[in-house]
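Participant: Have a look at the structure that comes next, please.
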Amino acid sequence: MNQSTANAPPTRSQLRLIKLWYFAGGLMLLAVMLLSLLPVVDVGVNDKLSHLLAYFVLAGWFGLLVAGLAGLGWTVAGLFIYGLLIELLQSTTGYRYAEWGDVLANSIGIVTGLLLYFSPLTRVLRFVDSRLARVLSC
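Residues 0 to 137 (numbering that gives the first Met the number 0) are what the sequence shown spells out, left to right.
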């Protein structure tokens, strides 16, 4: 592997367990949805910080899985729409409500999380993927 491919984000062909990684991402989406729609439990963390961190993690996760800038664009669009839908669903619960501040915090989390696409974490993902694929193939 040359230097340019060593630093490039992984592609579907480079990740042997891509379905597992997307399944884990789906579980994260489900967890965010449930936590967003259940009655509020005050855990002493700023609400907007919670939104920012949740969407940072989601964007970072899916950003590490996609290949190319087009994939990043679809990730941004998908997570933004997902966040909007959750805000709309919250407004129907009677105990939660939609806030534009939450949408802004989600958006900041998405943009900053996608910066992980350009980080060395892509190499970590390739390493974990290859080692776990070997263990699971035994």
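A virtual CB, placed ideally from N, CA and C, is assigned to each residue, including glycine. These numbers were taken from a predicted model, which means no experiment stands behind them.
Check whether the segment 49-58 and the segment 112-120 are in contact - that is, three or more C-beta pairs closer than 8 Å.
Facilitator: They touch, by the three-pair rule.
Participant: Can you tell which of R15, L34, V44 and G24 has its C-alpha closest to the C-alpha of L78?
Facilitator: Residue G24 is the option with its Cα nearest to L78.
Participant: Could you give the residue range of the alpha helix (DSSP H) that holds Y81?
Facilitator: It spans G67 to Q89 - the alpha helix (DSSP H) in which Y81 sits, taken as one unbroken run.
Participant: Distance check for H50 and S106, CA to CA, integer angstroms please.
Facilitator: Whole-angstrom Cα-Cα distance: 9 Å.
Participant: With L71 and Y21 assumed to form a contact (beta carbons below 8 Å), what rounded beta-carbon distance in angstroms separates them?
Facilitator: Not confirmed; about 16 Å, so no contact.
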